[in-house]
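Have a look at the structure below, then the notes.
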């Protein structure tokens, strides 16, 4: 029964043609009367019609109902069902399954060029310190992923997502480079952190110096204590202090006069589900040191000092609003 | 093939006693949460009970691992779908999160659609959902996706055919009798 070449019976196929036609937005009065005539011509026609028109009735009715409470539900459902990344992520987990079933053999195999390819990644709320083969120490922030590609001439860390802090072991023959979507950070004997966001990446230099190269070729060297952002084309120094910027590696979120929106961004990798902040609440300025490992407690203490209301829907959705909005 | 010496219930019971703990640990590590791991271990044993091979297990560990991987795969599939949905909700300009009851219902509805539309090309899914879910006409969809109206017509038809065939596969015996029996 699972043969791909399976054909529809002609009556079912006709019923589908009718449904497509009638809901196309350009059905004519003649179409409708021809359809009525077809329905009446044979009881099997009516059966097939009921089967086909009832196919997706229930899920679609549920989404319509949700739409009537809160507009945007149908569109969100459609976007979720047609997200290409999701399908890619799914393929990746299928690949992960395949690797698992090969008993880890594939993960440990030597690359033909002698490069050891390894994927390091952290889950929501997980921070991890890893010692690399050359003695460098890597700390991954929550929901981060990095590929380690060491070769004879270079130590390349490809930041796939999230944030890392690296304390490099000296090796003059093989420079250490962190590659993001937006450019490269070239270590000059040092400790520094790199964070990759959708639109740009950020650098914080804790010791010595780092040379940044944006994808466009723009270059700039940053000294200990400085922070910078770079997108594909430009490099801009930031005002924030590097130690504050990299406080996450010690499990802290250190904020001095930053918008709440950025604080929420930093908490996101530590909280399962969806954290949404209204634009009005996002603009509030925040001071304080908060524990990253307990995002719920952090939100509660923010609610004590800020004019915000925190609402939860189900287990996975948290909404932060300015109090003036929820009154 | 050797003859079963125990009833299926006894076999399942022994399997649970001997293997639940490592399976729970393994699944918890995979998903990074002991509670989720416990749920998935439970799902795996539910599949064990439904399996025909229960009476003649030579390699229970390998057998459980295979089932657990299937459970894990569908867990990831559901989770990535849910994340994509939450992401899409967040991008809606004026939308708020649904209530807890709506949340569960809507999530199930999206999972059902995902199952029925699984394997269809992206544009076909898009065209179909724009038509069925958002009530867009073929002309509007064609304009929005930059293809001809005839292509949209073909996409919608293909998606219906696919859903129909997928719904047949969902029936235990693959007949249309069940579809007929749920009609009002």
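Residue numbers (UniProt numbering), protein chains in the order written: chain A, 1 to 327; chain B, 1 to 184. The beta-carbon is built from N, C-alpha and C at its ideal position, and this holds for glycine as well.
In the DSSP annotation of this structure, residue 59 of chain A is not part of any beta strand (DSSP E); the continuous alpha helix (DSSP H) holding it starts and ends at 57–69. Straight through space, the alpha carbons of residue 138 of chain A and residue 170 of chain A are spaced by roughly 14 angstroms. By the CB criterion at 7 angstroms, residue 230 of chain A and residue 212 of chain A fall inside the cutoff.
Assignment of residue 321 of chain A by DSSP, reduced to helix, strand and coil, places it in the strand class. The continuous stretches of beta strand (DSSP E) do not include residue 170 of chain A, and DSSP gives it neither H nor E. Residues of chain B whose Cβ lies closer than 7 angstroms to the Cβ of residue 81 of chain A are, in chain order, 110, 113, 114, 117, 125, 129.
A residue is called buried once 16 or more other Cβ atoms fall within 10 Å of its Cβ, and residue 287 of chain A, having fewer, is exposed. The Cβ of residue 151 of chain B sits no closer than 7 angstroms to any Cβ of chain A.
The beta carbon of residue 59 of chain B does not come within 7 angstroms of any beta carbon belonging to chain A, so the residue lies off that interface. By the CB criterion at 7 angstroms, residue 77 of chain A and residue 165 of chain A fall outside the cutoff.
For the pair residue 152 of chain A and residue 201 of chain A, the Cα-to-Cα distance works out to about 27 angstroms. Of the candidates A:24, A:60, A:257, A:12, A:12 places its Cα closest to the Cα of residue 39 of chain A. Pairing residue 197 of chain A with residue 185 of chain A gives a Cβ-Cβ distance that is not under 7 angstroms. For the stretch 9–31 of chain A, the beta-carbon criterion of a distance under 8 angstroms to any beta-carbon of chain B is satisfied by 12, 13, 16, 17, 19, 20, 23, 24, 25, 26. One alpha carbon belongs to residue 112 of chain B, the other to residue 82 of chain A, and they sit about 14 angstroms apart. DSSP lists no bridge partner for residue 239 of chain A. For residue 61 of chain B, the closest C-alpha among the options B:103, B:147, B:17 is that of B:17.
Under a criterion of Cβ atoms nearer than 8 angstroms, no residue of chain B is adjacent to residue 196 of chain A; the nearest Cβ is some 17 angstroms distant. Flagged as an interface residue toward chain B: residue 55 of chain A, by a C-beta distance shorter than 7 angstroms.
Three or more Cβ pairs closer than 8 angstroms define a contact, and the stretch 14–31 of chain B falls short of that threshold against the stretch 288–308 of chain A.
Residues of the stretch 159–170 of chain B that bring their beta carbon within less than 8 angstroms of a beta carbon in chain A comprise 160, 161, 163, 164, 165, 167, 168, 169, in sequence order.
For residue 123 of chain A, at least one C-beta of chain B is nearer than 7 angstroms to its own C-beta. Distance from the CA atom of residue 37 of chain B to the CA atom of residue 156 of chain A, rounded to whole angstroms, is 35 angstroms. Contact annotation: the stretch 19–34 of chain A does not touch the stretch 78–92 of chain B, with fewer than three C-beta pairs closer than 8 angstroms.
Close to residue 122 of chain B, with beta-carbon spacing below 7 angstroms, are these residues of chain A in chain order: 82, 84. Looking from the CA of residue 146 of chain A, the closest CA among A:181, A:175, A:173, A:274 belongs to A:181.
Close to residue 280 of chain A, with beta-carbon spacing below 7 angstroms, lies no residue of chain B; the smallest spacing is near 14 angstroms. Just so you know, the alpha carbons of residue 159 of chain B and residue 234 of chain A end up roughly 45 angstroms apart. Counting along the chain, the unbroken alpha helix (DSSP H) around residue 30 of chain A starts and ends at 29–41. Put simply, the CB of residue 66 of chain A is near chain B, with a gap under 7 angstroms to one of its CB atoms. At least 7 angstroms separates the beta-carbon of residue 159 of chain A from that of residue 130 of chain A. The residue among B:88, B:34, B:58, B:67 with its C-alpha nearest the C-alpha of residue 50 of chain B is B:67. The Cβ of residue 84 of chain B sits closer than 7 angstroms to at least one Cβ of chain A. Nearest in C-alpha terms to residue 60 of chain A, of all of B:108, B:72, B:15, B:43, is B:108.
DSSP lists A:209 as the beta-bridge partner residues of residue 223 of chain A.
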